[in-house]
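Chemist: The structure that follows is given in the form of structure tokens.
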Amino acid sequence: MRHYSSDISIVFGGGAGQGIQTIASTLVNVLKRSGCHVFACTEFMSRVRGGSNSTQVRITGKKRHAYVNRIDFLFALNADAIAHLKTRITPTTMVFADKNQVESADPGHLVDTPITAFARQAGNPIYSSTAAVAVALGLLGIPQGGLDNYLREIFADKGESVVADNIEAARLGYAFGRETALREEIEVEIAVEPEKNRPKELLLDGTAAVGIGAVAAGCTFISSYPMSPGTGVLTFLAQRSHEFSIVVDQAEDEIAAINTALGASYAGARAIVTTSGGGFALMEEGISLAGMTEVPLVVHLGQRPGPATGMPTRTEQGDLSLVLHAGHGEFPRVILAPGTFAEAILLTQRAFQLADRYQLTVFVLTDQFFLDSAGTVPESAVRKEPIERHIVETDEEYMRYRFTPDGLSPRGVPGYGKGIVKCDSHEHDETGHLTENFETRRRMVEKRLRRIKALAAESLMPELVGGSADAPNIVVAWGSNRGVLEESLDTLQRADLAGLHFSQLYPINPSVAALLKGKIVTVLENNASGQFADLLHRELAVSTAHRILKWTGEPFSVEEVVEALREI
Amino acid sequence: MKTPSPAKPNPFDMPNKEMGWCPGCGNYKLLDALKGALIELGIDRRNLVVVSGIGQGAKTPQYLNTNMFNGLHGRSLPAALGIRLSNRNLTVIAESGDGCMYGEGGNHFLHAIRRNCDMTLIVHDNMIYGLTKGQASPTSLPGMKTPVQIDGVMLEPFNPLAVSLALNAPFVARASAGDEEETKEIIKQAISFRGFAVVDVFQPCVVFNRLNTYQWFRENTYYLPGDYDPADRMQAFAKAVETEKLPLGVIFREEGRPVYEDLLGIGNTPLRSQEFREEAFEKMIAEYR
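Chains P and E, in that order, give the protein sequences.
All the letters of the first sequence, read from the start, carry residue numbers 407 to 974 under our numbering.
All the letters of the second sequence, read from the start, carry residue numbers 289 to 577 under our numbering.
Printed below as a string of structure tokens:
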């Protein structure tokens, strides 16, 4: 008897181009509609075809946003998938594969699963993905109807016969899944709310969450150069560009991308650039330009392991120090790092708001793991904030860099009002003309830096994500590690441990010091040195007792964080 | 040589501005030619943005009473693109030197031509790096000795006209700053042209370039004759690669090419005034249910 209660991990492994993404996305959609909590994350090689990739689909009793090492059901589409995932295949893992396709591998508990035969029988080997999803649903005991409806929807424009053939492939796969469940005595228990009680939910991935946030913020301009994993946001906004009249320019390089975005913002657009660490390195002079010219800008940086080309399709949180220090000279900035999809929607909006209100660069720092994960989000958590507009109509006396008590000069744009708007990368006077006057320089630097204080005061406080605030041990995580920390603490259920998640990394709210005072602080981050731990020390003189770090290019698994926390 | 008439104040003038250029610099003449062109075209200084990079020529908008984006070295064309796409009611001129446009910003120069946005590019081409005190520029002639090129310039000069034509720029011209009146007329044509207009302007650097002087440009250039047909691209190529004597004037001009703003479907409403589309937003969210 194999009993699974409220937490099942299904992994699909195969080469690029074998349809893993389609299988996972179909399964996730059907599960979501069936009322399950579902989370999917994906790891893949930097190749267009072949290689060995896998996607994990988790079905859980509670909403989860983390990767687990454990595999309950592995669907292997080729022998390489078994070799690739070897370290994660244990005696409790059931492997579903076409025996002829995986002969060379030693998969342990193998269930010969003739997915391609089902597809052929239904009319075309192309229906293999549908058959695979159906086998999984059969094993889980989730009614086939949801899949049939989904197939009807997505193949509606392909004609009735394609729909009918897919449903036939699903029927064959499903029957096989049910038979196998009975034979192997698989019992799956998933608590599903009756449909009428279920809150409305959205199925999102990290990329869409950032993209929706940008649209909600009234973003009107994106210029970027493709680079994994940041490209998704460019694609998302391009796909939506007609319905929202977003101007999309694929730049010749990242240097052009950021300078174009700054030109657009100077002229009044709400502009974003998206990139990854290597592309961002090229953008740095533009960050400095934004600092000097006080032109608002949002930068989305999807992190991947560096230095240099690093591991293009893998994950890391290694670029915090880069964005913290990017650009020559001294000027303020804001760094946000969402931990959930709902947060990504809100924080991307916040990024545009802060950029406009304070006339500076705001970073949205994500990573490959976050961008390529998918899961459900309650629709009530998806909020559209009111759009603040800070552009003023100029008069004849207008001066772009007028000294004001708070350091913020009213922002005029060319072609709106009677004044002219001069914007300069040199040190400049109030009119925007270059100057070498030392007193003006002193005042301008002070003017630009003055806003840090206000920004820190309204900086988002970290959120408690497990345990109680009086626990002596505080485990700190930021960005995409929210889910894994939350679940690990939930697993451990220790009264002496609490988790704190930071979604704003800079500036840090001064009140954070009080939260961490007298605590034994552990910082969990996906990099080799503990960049946020160092930042906490620099900003708040908080010393970190333990650093839990990982820099292999993979995300933390719940198991390894639980293990690491046991040492504390 | 014509001197600007002091009688009529030009709204683009900045009378009390301290100038950063050397006495006798070709930039003064180019600035006057540009101002003359702007006033004669009746351009409203509030709806004009002059975008520049870094260098002596790039200081031009500092001396013009109009909107300015004086950005980074080499990056004026990307910034100009962003400005133009955000508000197509603005007249956009990108103006910088040969080092800025053809050296540091070379890649942007290539791709700006490919985009064909409706804007004007004016390059102060003095064949030398002035602001950094006399090193070779991309257009320096072979053999010229400088403190860095101690054995003389060894690299083939960058040919902006031939490159522009190769990329099928719809408007390609060359002027000589010493001839203020002719330069003004060429700039007027360029600004009025609908599409990306490239104007390379010979501009003597009287301090660091002792080879390409006012006299040298006079002796080594000639104006295209009145019956020259600028619509013929192959003939324009032949003109662009002439080295014996360098042709001046509008070398190539092709009307009616689609501009990037139109291809992108950008309307007359500036992006700053764009309304948020609540309905479309609700519809998009519904797609993720």
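Just so you know, even glycine gets a beta-carbon here, dropped at the ideal spot from N, CA and C.
It should be emphasised that the depicted structure is a prediction, and the values quoted were computed from it without experimental measurement.
Using CA atoms only, rank isn't needed, just tell me which of E:Ala-465, E:Arg-334, E:Glu-306, E:Trp-309 is closest to Lys-824 (chain P).
Modeler: Out of E:Ala-465, E:Arg-334, E:Glu-306, E:Trp-309, E:Arg-334 has the C-alpha closest to the C-alpha of Lys-824 (chain P).
Chemist: Could you spell out where the beta strand (DSSP E) holding Val-487 (chain E) opens and where it closes?
Modeler: Residues 484–490.
Chemist: The beta strand (DSSP E) with Tyr-368 (chain P) in it runs from where to where?
Modeler: Past the edges of chain P, shown from 407 to 974, lies residue 368 (chain P), and the structure says nothing about it.
Chemist: For the stretch 859–903 of chain P, which segments carrying the alpha helix (DSSP H) assignment without a break, of at least 4 residues, lie completely within its bounds, in sequence order?
Modeler: Those alpha helix (DSSP H) runs which fall completely within the stretch 859–903 of chain P and span 4+ residues are 888–898.
Chemist: Here's the rule I'm using: 16 or more other beta-carbon atoms within 10 Å means buried, otherwise exposed. How should Gln-899 (chain P) be labelled?
Modeler: Counting Cβ neighbours within 10 Å, Gln-899 (chain P) comes out exposed, since fewer than 16 surround it.
Chemist: If the cut is a Cβ gap below 9 Å, which residues of chain E does Arg-849 (chain P) touch?
Modeler: Going along chain E, no residue has its Cβ under 9 Å from Arg-849 (chain P), so there is no contact; the nearest lies around 20 Å.
Chemist: Distance cutoff 8 Å, beta carbons only. Does Lys-469 (chain P) sit that close to anything in chain E?
Modeler: It does not: the Cβ of Lys-469 (chain P) has no partner Cβ on chain E nearer than 8 Å.
Chemist: DSSP three-state label for Thr-379 (chain E), please.
Modeler: Thr-379 (chain E): strand per DSSP, three-state reduction.
Chemist: Closest to Val-411 (chain E) by CA distance: which of E:Glu-468, E:Val-486, E:Asn-447 is it?
Modeler: Looking at the Cα atoms, E:Val-486 is the closest of the given residues.
Chemist: Using a beta-carbon distance below 8 Å, is Arg-462 (chain E) in contact with chain P?
Modeler: Not closer than 8 Å to any Cβ of chain P, the Cβ of Arg-462 (chain E) fails to qualify, so no.
Chemist: Helix or strand or just coil, what does DSSP make of Ala-787 (chain P)?
Modeler: Reduced to three states, the DSSP call for Ala-787 (chain P) is helix.
Chemist: On the premise that Lys-438 (chain P) lies in contact with Leu-588 (chain P), defined as a C-beta separation below 8 Å, what is that separation, rounded to the nearest angstrom?
Modeler: Contact doesn't hold; Cβ gap of about 26 Å is too wide.
Chemist: What does Pro-820 (chain P) touch in chain E if you count any residue whose Cβ is under 7 Å from its own?
Modeler: Here the neighbours are Val-337, Asn-355, Leu-378.
Chemist: Could you spell out the range, first to last residue, of the beta strand (DSSP E) harbouring Lys-828 (chain P)?
Modeler: 828–830 is the span of the beta strand (DSSP E), which, as asked, contains Lys-828 (chain P).
Chemist: Check for me: the beta strand (DSSP E) holding Thr-461 (chain P) runs from which residue to which?
Modeler: 456–466 is the span of the beta strand (DSSP E), which, as asked, contains Thr-461 (chain P).
Chemist: Determine contact between the stretch 456–472 of chain E and the stretch 530–541 of chain E, defined as no fewer than three beta-carbon pairs at a distance below 8 Å.
Modeler: Result yes; three or more Cβ-Cβ pairs closer than 8 Å.
Chemist: For Met-415 (chain E), count the other beta carbons within 10 Å of its own beta carbon; 16 or more makes it buried, fewer makes it exposed. Which is it?
Modeler: Buried, since its Cβ has 16 or more Cβ neighbours within 10 Å.
Chemist: Identify each residue in the stretch 607–624 of chain P for which the Cβ-Cβ distance to at least one residue of chain E is less than 8 Å, and report them in chain order.
Modeler: Answer set for the stretch 607–624 of chain P: Glu-607, Leu-608, Leu-609, Leu-610, Ala-614, Ile-618, Val-621, Ala-622, Gly-624.
Chemist: Identify the contact partners of Phe-564 (chain E) in chain P, using a Cβ-Cβ distance below 7 Å as the criterion.
Modeler: Gly-624, Ile-793, listed in chain order.
Chemist: Listed from N- to C-terminal order along the chain, which residues in the stretch 722–735 of chain P have their beta-carbon within a distance smaller than 7 Å of any beta-carbon of chain E?
Modeler: Those would be none; no residue qualifies.
Chemist: Should Ala-901 (chain P) go down as buried or exposed, given a rule of 16 or more other Cβ atoms within 10 Å for buried?
Modeler: Counting Cβ neighbours within 10 Å, Ala-901 (chain P) comes out exposed, since fewer than 16 surround it.
Chemist: Mapping the DSSP letters down to three states, classify Leu-814 (chain P) as helix, strand or coil.
Modeler: Coil at Leu-814 (chain P), not helix or strand.
Chemist: Buried or exposed, going by whether 16 or more other CB atoms sit within 10 Å of the CB of Met-389 (chain E)?
Modeler: Label assigned to Met-389 (chain E): buried.
Chemist: What does the alpha-carbon distance come out to for the pair Gly-370 (chain P) and Pro-531 (chain P)?
Modeler: Past the edges of chain P, shown from 407 to 974, lies residue 370 (chain P), and the structure says nothing about it.
Chemist: Return the chain-ordered ranges of every beta strand (DSSP E) run that is complete within the stretch 675–699 of chain P and spans a minimum of 3 residues.
Modeler: DSSP runs (the beta strand (DSSP E)) wholly in the stretch 675–699 of chain P: 677–681.
Chemist: Using a C-beta cutoff of 8 Å, does His-409 (chain P) count as contacting chain E?
Modeler: No, His-409 (chain P) lies away from the interface with chain E (no Cβ there is under 8 Å from its Cβ).
Chemist: Give the C-beta separation of Val-541 (chain P) and Phe-502 (chain P) to the nearest angstrom, bearing in mind that I take them to be a contact with Cβ-Cβ under 8 Å.
Modeler: Correct: roughly 6 Å between the Cβ atoms.
Chemist: For Gly-418 (chain E), would you say it is in contact with chain P, using Cβ-to-Cβ distances shorter than 8 Å as the test?
Modeler: Not an interface residue.
Chemist: Closer than 8 Å, CB to CB, is Arg-363 (chain E) near chain P or not?
Modeler: Yes, Arg-363 (chain E) counts as interfacial toward chain P.
Chemist: Of all Cβ atoms in chain P, is any one closer than 8 Å to the Cβ of His-412 (chain E)?
Modeler: No, because no Cβ of chain P sits closer than 8 Å to the Cβ of His-412 (chain E).
Chemist: Considering only C-alpha positions, which residue in the set E:Ala-574, E:Arg-402, E:Ile-342, E:Gln-344 is nearest to Arg-545 (chain E)?
Modeler: Among E:Ala-574, E:Arg-402, E:Ile-342, E:Gln-344, the Cα nearest to that of Arg-545 (chain E) is on E:Arg-402.
Chemist: Please work out which residues of its chain come closer than 8 Å, Cβ to Cβ, to Ile-554 (chain E), disregarding the five sequence neighbours upstream and downstream, and give them in chain order.
Modeler: Answer for Ile-554 (chain E): Leu-373, Arg-376, listed in chain order.
Chemist: Taking 8 Å as the CB-CB limit, is Pro-366 (chain E) close to chain P?
Modeler: Closer than 8 Å to some Cβ of chain P, the Cβ of Pro-366 (chain E) qualifies, so yes.
Chemist: Between Ile-371 (chain E) and Val-338 (chain E), is the Cβ-Cβ spacing less than 8 Å?
Modeler: Result no, Cβ atoms of Ile-371 (chain E) and Val-338 (chain E) do not sit closer than 8 Å.
Chemist: Could you please give the first and the last residue of the uninterrupted alpha helix (DSSP H) stretch that includes Gln-427 (chain P)?
Modeler: Unbroken alpha helix (DSSP H) run through Gln-427 (chain P): 426–439.
Chemist: From this set, E:Ile-475, E:Leu-449, E:Asn-304, which residue's C-alpha is nearest Leu-319 (chain E)'s C-alpha?
Modeler: The residue with the shortest Cα to Cα distance from Leu-319 (chain E) is E:Ile-475.
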